[in-house]
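Counting from 55, one number per residue, gives the positions in the sequence shown under the numbering used here. Positions of the beta carbon are idealized from the N, C-alpha and C atoms, including for glycine.
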Amino acid sequence: MTIDKVVGSAEEAVADIPSGASIAVGGFGLCGIPMVMIDALLAAGPDGLDIVSNNCGVDDWGLGVLLAAKRIRKMTSSYVGENKEFERQYLSGELELELTPQGTLAEKLRAGGSGIAGFFTQTGVGTQVAEGGLPRRYNTDGSIAVASAPKQVQPFAVRGVEKEFVLEEAISTDFSLVHAKLADRHGNLVFDKSARNFSPLAAMAGRLCIAEVEQIVEAGELDADAVHLPGVFVDRIVVVGTDVEKRIERRTVSSTATKEA
55 MTIDKVVGSA EEAVADIPSG ASIAVGGFGL CGIPMVMIDA LLAAGPDGLD IVSNNCGVDD
115 WGLGVLLAAK RIRKMTSSYV GENKEFERQY LSGELELELT PQGTLAEKLR AGGSGIAGFF
175 TQTGVGTQVA EGGLPRRYNT DGSIAVASAP KQVQPFAVRG VEKEFVLEEA ISTDFSLVHA
235 KLADRHGNLV FDKSARNFSP LAAMAGRLCI AEVEQIVEAG ELDADAVHLP GVFVDRIVVV
295 GTDVEKRIER RTVSSTATKE A
């Protein structure tokens, strides 16, 4: 039986995402973000969203457009330093933040997509990540309204040396949104170099995954060894073409070539 997961438009793909949904979103900075899906979600209008993503884009691009429209209730992220509106909303008590170490966030998403309830890691032991007290939401007067709770810490012997590890729970979400370079109609995805970043993990964590892709091929045309994410994790595909806008988050090179002395 042929399973064709391609849908007609981004609007159709996100039409059933309701207010209050939890969504894992691929990307790292502005690299590999599903911007077409984000714009479609902005137009669709759901609010009170719980977003899990490495960061929240910038003020006018990426997840930053949803944030500016007051559509996001909570962010679970590892880096939040490129968005002034994010800072304002967080410090004023309008936005809840679950700040998570980057590698831990990646593993929490992978675990959620793999049916693993949790795992122990050394990352965060001896800090507020494990001991609790990280501000998750502020009051308008700057006092802490909600703080992170303490987590279970347990010793394990690793290579004959006993060390402490903190228990981290897996993340699974209602939906996930990712951007890929290439897909077949069964949903097998190929990402473009560093644009792969968190995307396979975010895709796995969503109970319903929507992938925007630049190119589509027929089933059987992809080399199985080239597939980065099997189609079993992908439910819907939207073809967005190769000319989608891809912004650079922070340009770090000169606009003109340096002349040799």
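Next item on the list: With a cut-off of 8 Å on the beta carbons, I'd call Val-90 and Glu-303 a contact; round off their distance for me.
Entry: Here residue 90 refers to the residue found at position 36 of the sequence shown. Here residue 303 refers to the residue found at position 249 of the sequence shown. Wrong, their Cβ atoms sit about 18 Å apart, outside the cutoff.
Next item on the list: Measure the alpha-carbon distance for Thr-194 versus Leu-145 and round it to whole angstroms.
Entry: To locate residue 194, count along the sequence shown from 1; it is residue 140. To locate residue 145, count along the sequence shown from 1; it is residue 91. If you take the alpha carbons of Thr-194 and Leu-145, they lie about 8 Å apart.
Next item on the list: Taking all protein chains shown into account, decide if Ile-92 is buried (16 or more other Cβ within 10 angstroms of its Cβ) or exposed.
Entry: Here residue 92 refers to the residue found at position 38 of the sequence shown. Ile-92 comes out buried.
Next item on the list: State the Cα-Cα distance for the pair Lys-59 and Asp-289, rounded to the nearest angstrom.
Entry: Against the sequence shown, residue 59 aligns to sequence position 5. Against the sequence shown, residue 289 aligns to sequence position 235. Near 6 Å, if we compare the C-alpha coordinates of Asp-289 and Lys-59.
Checklist line | alpha helix (DSSP H) runs contained entirely in the stretch 85-117, provided each spans 4 or more residues | finding: 89-98
Note to self: Applying the 10 Å Cβ sphere with the 16-neighbour rule, what's the burial state of Arg-164?
What the structure shows: Position 110 of the sequence shown, counted from the start, is the residue given in the question as residue 164. The residue in question, Arg-164, is buried, as its Cβ has 16 or more Cβ neighbours within 10 Å.
Item checked: Lys-138 classed as buried or exposed, judged by whether at least 16 other C-beta atoms fall within 10 angstroms -> The count along the sequence shown starts at 1 and reaches residue 138 at position 84. So Lys-138 counts as exposed.
Item checked: Short Cβ contact (8 Å threshold) for Thr-130 with Glu-161 -> Translated into the one-based positions of the sequence shown, residue 130 becomes position 76. Translated into the one-based positions of the sequence shown, residue 161 becomes position 107. Cβ atoms of Thr-130 and Glu-161: not closer than 8 Å.
Item checked: alpha helix (DSSP H) runs contained entirely in the stretch 121-175, provided each spans 4 or more residues -> 138-145 and 156-168
Note to self: Quick check on the DSSP output: the beta strand (DSSP E) that includes Ser-253 runs from which residue to which?
What the structure shows: If you number the sequence shown from 1, residue 253 lands on position 199. Note, Ser-253: premise wrong, no beta strand (DSSP E); alpha helix (DSSP H) at 253-259.
Margin query: What does the alpha-carbon distance come out to for the pair Gly-111 and Arg-142?
Written below: As a working mapping, residue 111 is identified with position 57 in the sequence shown. As a working mapping, residue 142 is identified with position 88 in the sequence shown. Roughly 14 Å between the two C-alpha positions.
Check: DSSP state of Gln-206, grouped into three classes?
Finding: Here residue 206 refers to the residue found at position 152 when the sequence shown is read from its first residue. Correct three-state label for Gln-206: coil.
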